[in-house]
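Trainee:
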Amino acid sequence: MSWIIVDVVFYCISLITVGALAGRISQSTQEVNTFVTPLNISTIQTTQNLNQSTCIEDECNPRLLSDLEVHSYELEYIYNNINDTTVQGRVTIDFTLKQPINQLIYHAKRMLQLDEPVLYEDGVHRLVTMGKYPPHNYISFRLLLENSSFTPNRYSLKQKFIVSLIDGNVAFYQTLFNDGNGTIRKLLASKFQPTDARKAFPCFDEPQFKAVFKIAILHPEDTIAIANFPKIEETIENGLRRTIFADTFRMSTYLAAWAVLPNTYGQLVSNEDEPKVTVWARREPTDNGHTALALEIALNSVSFFTDYFNTSEAVTPKIDLLAVPDFASGAMENWGLVSFREDRVIFNEKIASIVQKQQLGETMGEEIGETMAHEIAHFWFGNYVTCKWWDNLWLNEAMATWLSYKPFSVYYPNWNMELQALTEEVIPVMWDDAKPSSHPVVVRNVTSAADITSLFNSITYSKGASILRMLEKIVGSNTFRDGLRDYLKTNAFDIGDPTIFYNKLFKNISGEKFMKNWLEELNYPILNVDLNVNNNGTYITFNQSRFIISNVLDSSNLNSNYRWMINIQCVLGGNYSDSDITNLGEDTIDFILETEQETQFLPGKFYTWIKCNRDFQGFFVTNYLSNLSTYSSWQHFSFVLDAEPTFFSDEDKVNLLQDSFLLAYKGLIDYIEPLRIVSSLMNTTSKQSVIWCTFQWHWDILTELVEHLPNTWTKFKDFAIKQILSSGTTVDDILEINSTDDHNTKLLKGLQFSSLCRMGYKDAIERASALFKSIPVEYFNGSNVDVNIGPDFLSVVYVCHLKNNDNETDWNMMYNYYKTAVAPQEQTRALVAISSTKNKERLNRLLNEGLESGPKKIKRQDFFAMMAYMSRHPIGREVAWTFYKNNFQKLINIFTLENRRLGTVINSITRSFQNESYLEEMNQLFSLYPNAGAGTSARKQAIDQVNMNIEWVRSREQSLLDALETLSRQ
């Protein structure tokens, strides 16, 4: 049996071809080497000097042949010993060719050993030889079939292989963890999306090729094996346990999953049998009940979506929820075996905050509540019905993102999650999408793994979800739901075409036309609204154009004539004839604007203001140009908010903040306008956390710039502190733990205390340090003692203390706590805190140790998050940037260019750069390493942001300072 070493950097694709191409292969072969397996059964020829080869016909296309149906994969893994760092595998792929072909491509990558395949055609053994050949930028293998071509028939391909378990934390890999008793244990897990199944077994690794998986694993007796479907047989063979699993549903390769766990791993099993849901996590948190919330939300989500979609066909016979100590993503929707980071499953009510309980963490974020609902939603959208290719990834991810908010309105209505979708999805992504370096939701010409990986970003998830939210608001929730049901029923267990869904939703316009209008163009529109009054009535002119957040950004390559189909819904108020600003009229305007400009006329009505984008339903920004009195159009909103605080909905208030801050940043209005609205909102009795969160989000954007500008920083801080402490509120009031506080109040208090510390408010910093010192040392050593600090304040206490006190003992204690804490939320808090120190030596220590491996070091999954945390303050930013520049090649070697977090961390590090020297350093680095891999878009975005910062300091700082000075005198 012959084998070859598979290249560890490039793709490896096996090619089966006919003799007609044999002569061409030799033309591209410069030198022939022979590799012999240890068994010395046969040999195999391989080509060298691959980059000098040329493509034949259309072989440069890395996509696989479409006229192919894969029936099944029969997979067996042999894991002999807990100390092994490799596993042996064998696969049998059963497939049918639907047309005559000259070559068949399948995938295999980064394998330690790949044996020569054995091929059967309709049960008849066919002799093949395998040679290496490079189409495009892939390293591949060509298998020569003797004296015949491939005819439409059924085939079976058998191949043995060996894969490494220590080649990163994707594909099939091992992770080491502390079991809570000081013992280091090993867990094997898998993570294949989008293109890493080929690293674990030879396969047709594209989503369109759905197949049944027949999985068996031989593993040590003191371990447990789990996979997508239930275990059906277990035997002992030569000291190993053979676990055989039931055949799966037909599914794509990226959804296959299996794991080998210590038999001490914790289990929490549901009472329900259909399906039986099991949460797998480390023993200690499981025994302490800290996985109960994850199980509860999973069961509720399955129940909700089964009813919502009116089908249970997508639900697997059992569902395993696996908390993996080191996991590359937040979670992965493997059908029947969903994998998570630990902090998305483990929840300790005493120390986990409300935000951690309900929301998506990280920048695109995912934690317990929404993550669980998101992954369960994928059972229907993504698993049951799958996109043919990754250019429609958005429908899977955006739909799961938007739908993930829905179960909470039924099971946890006081969380008000659909309102929070504005601050979690819409507001952040409107910032990302307002630049020429953005991309459409639907991206064509997606080919390489780096292209695919780069699509897992805020545009795909959050803008896609925002468009779906807008769509549902237009057509109505029942019509939206019924359209989804029809779509799933039509495409059950198959590949879906989203146009089928769109076209069933609209009556008067083409659904496909409307959706493509929003999905296939980057950016979004600004709607300019000009209200004028004469003796006949009120005229409102609506004009749309592309919105780019900064004038310094080059938008010359964008289509300046592009027009969006904008669903316009407006309410009018005021009375021009008697100058009554707060008169709330009954008239509304509702139409779809498809052209650049349109004017509406309201005869006999004399309004002074108009508010559009009702309830913030649309994905656009609105500016109001009217100037019918001594007051600006924007100032009218402040008057209404002061006089009638409940007239505008919370969504409308969020929209006023969002639009005014964006417009002020660009320079279309002065900063006095958003700051007046802030003051009006904060002075009312309404304390909706989402409104405060919107203000804080925009204030954080400005903070990253202003904290480097001493002339503005003091007044900037004072304004924020004044808003938080309005109506006589004190730090003690905020920190008071009150059992009657509802969900919204807890969120609000956490936001306020965080902002006070961020603004350097002395009382808040001193209280944070006092609270930190009050925590018993035994707590950080693992003892189960009460910290007497509200969980919504604990993160702020850690960060605020370590950031403002250069205490080496406290820092070392917290670093050790990161490495030993059982609760994943505490690990995250500790990591943020130690990354917030202003001590350069300690920051560099973290970065250097972060590139080392082992259970006592920074987890690989946490490394780039740690760099982002550092970059939130000036000293950490310098340290992180210097390290990133000087160690970029090492980062590539460890994480590879396909790692999207390596690609996107550049945005976090450089987002507050604001001078030309930084820009020059960035361009030098990018010139030195021109291949950005999955970070291609992120580099463009980073350059855009720095140019924006430079322009903002030059042209907008003074407007902000003037506004702050004006309001400070009032």
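If you use mature numbering (1 follows the signal peptide of the UniProt record, and there is no 0), the sequence shown corresponds to residues -22 to -1, 1 to 948, in order. Backbone N, C-alpha and C define an ideal beta-carbon position, used for all residues, glycine too.
Count the other CB atoms, across all protein chains shown, that sit within 10 Å of the CB of N877; report buried if there are 16 or more and exposed otherwise.
Mentor: Buried, by the Cβ-count rule.
Trainee: Buried or exposed for T681, please, with buried defined as at least 16 other CB atoms from any protein chain shown within 10 angstroms of its CB.
Mentor: Per the 10 Å Cβ criterion, buried.
Trainee: Check the DSSP bridge columns for residue 1022 and list the partner residues they point to.
Mentor: What is shown of the chain runs -22 to 948, which leaves residue 1022 out entirely.
Trainee: So, at 8 Å on beta carbons, what are the nonlocal neighbours of I79 in its own chain, with the 5 sequence-adjacent residues on each side left out?
Mentor: Answer for I79: L43, D45, S127, F128, listed in chain order.
Trainee: May I ask you to list the residues that DSSP assigns as paired with F598?
Mentor: Partner(s): none; F598 has no beta bridge.
Trainee: In chain order, which beta strand (DSSP E) runs of at least 3 residues are fully inside the stretch 216 to 240?
Mentor: As far as the stretch 216 to 240 is concerned, its whole beta strand (DSSP E) runs of at least 3 residues are 218 to 223, 236 to 240.
Trainee: I504 to K583, Cα distance in whole Å?
Mentor: Distance between the alpha carbons of I504 and K583: 26 Å.
Trainee: Taking the runs of the alpha helix (DSSP H) that are 4 residues or longer, which of them lie wholly in the stretch 431 to 488?
Mentor: Counting whole runs of 4 or more residues, the stretch 431 to 488 contains the alpha helix (DSSP H) stretches 442 to 453, 455 to 468, 476 to 481.
Trainee: Rounded to whole angstroms, what's the CA-CA distance from N529 to E651? Just pull it up for me.
Mentor: Going by the C-alpha atoms only, they are around 20 Å apart.
Trainee: Would you kindly check if the distance between the Cβ of R855 and the Cβ of I887 is under 8 Å?
Mentor: It is a contact, given that the beta carbons lie within the stated cut-off.
Trainee: Could you please give the first and the last residue of the uninterrupted beta strand (DSSP E) stretch that includes L165?
Mentor: It spans 162 to 169 - the beta strand (DSSP E) in which L165 sits, taken as one unbroken run.
Trainee: Kindly identify the DSSP beta-bridge partner or partners of S747.
Mentor: Note: S747 sits in no beta bridge, so no partner.
Trainee: Within the stretch 631 to 680, note down every full alpha helix (DSSP H) run reaching 4 residues or more, in order along the chain.
Mentor: Correct list: 650 to 661.
Trainee: Name the residue from Q152, K491, I195, K296 whose alpha carbon lies nearest to the alpha carbon of R220.
Mentor: Measuring from the Cα of R220, the nearest candidate turns out to be I195.
Trainee: Quick check on this structure: which residue in N535, F569, L536 has the alpha carbon closest to the alpha carbon of Q547?
Mentor: Of the candidates N535, F569, L536, the one whose C-alpha sits nearest the C-alpha of Q547 is F569.
Trainee: Where does I588 land, buried or exposed, given buried means 16+ other C-beta within 10 angstroms?
Mentor: It is buried - the Cβ of I588 has at least 16 other Cβ atoms within 10 Å.
Trainee: Can you check which of these residues, F617, N514, G360, F227, is closest to P295 by C-alpha distance?
Mentor: Comparing Cα-Cα distances from P295 to each of F617, N514, G360, F227, the minimum goes to F227.
Trainee: Rounding to the nearest angstrom, what Cα-Cα distance links R820 and N826 in this structure?
Mentor: Taking the straight line joining both Cα atoms gives about 10 Å.
Trainee: Could you say which of Q522, L903, L531 lies nearest to N545 if we only look at CA atoms?
Mentor: For the residues Q522, L903, L531, the minimum Cα distance to N545 belongs to Q522.
Trainee: Use the C-beta contact count for G768: other C-beta atoms within 10 angstroms, 16 or more gives buried, fewer gives exposed.
Mentor: Looking at its Cβ environment, which holds 16 or more other Cβ atoms inside 10 Å, G768 is buried.
Trainee: If you drop the 5 nearest sequence neighbours on each side, which residues of the same chain put their C-beta closer than 8 Å to that of L939?
Mentor: For L939, where only same-chain residues beyond five positions count, the Cβ hits under 8 Å are N689, T690, K693.
Trainee: In this structure, does DSSP put C590 in helix, strand or coil?
Mentor: It is a strand residue.
Trainee: Alpha carbons only, please: which of M377, I526, D508 is nearest the one belonging to E576?
Mentor: Considering only alpha carbons, the answer is D508.
Trainee: Sorted by chain position, which residues of the same chain lie with C-beta nearer than 7 Å to S709's C-beta, five sequence neighbours on each side aside?
Mentor: Here residue 709 turns out to be Val, not Ser, going by the sequence shown. So the qualifying residues of the chain are L734, D741, A742, R745.
Trainee: Skipping 5 residues on each side, what residues in its chain have a beta carbon closer than 7 Å to that of E499?
Mentor: P418, Y540.
Trainee: Which residues does DSSP pair with D720 in a beta bridge?
Mentor: Paired residue(s): none; D720 is not in a bridge.
Trainee: Going by beta-carbon coordinates alone, are L218 and N58 separated by less than 8 Å?
Mentor: In contact: L218 and N58 (Cβ atoms closer than 8 Å).
Trainee: Check the DSSP bridge columns for D298 and list the partner residues they point to.
Mentor: Note: D298 sits in a beta bridge opposite T256, L315.
Trainee: Have a look at W670, L90, P198, L135 and flag the residue whose alpha-carbon is nearest the alpha-carbon of Y98.
Mentor: Comparing Cα positions, the closest option is L135.
Trainee: Would you give the residue range spanned by the alpha helix (DSSP H) that R261 belongs to?
Mentor: Residues 261 to 265.
Trainee: Taking the alpha helix (DSSP H) that K781 belongs to, which residues open and close that run?
Mentor: Segment 769 to 782, the alpha helix (DSSP H) holding K781.
Trainee: Count the other CB atoms within 10 Å of the CB of G1; is the residue buried (16 or more) or exposed (fewer)?
Mentor: Note that G1 scores a pLDDT of 30, beneath 50, so its modelled location is shaky; the value from the coordinates is reported in the next line. Classification of G1: exposed, given that the 10 Å Cβ count is below 16.
Trainee: What is the residue span of the alpha helix (DSSP H) that G347 lies within?
Mentor: Unbroken alpha helix (DSSP H) run through G347: 346 to 355.
Trainee: To which residues of the same chain is Q718 closer than 6 Å at the C-beta, ignoring the five residues directly before and after it?
Mentor: Per the sequence presented here, residue 718 reads as Thr, with Gln not at that position. Same-chain partners within the cutoff: there are none.
Trainee: Return the first residue and the last residue of the beta strand (DSSP E) that K192 is part of.
Mentor: Here the beta strand (DSSP E) through K192 covers 190 to 198.
Trainee: What's the gap between the Cα of E212 and the Cα of E199?
Mentor: Roughly 11 Å between the two C-alpha positions.
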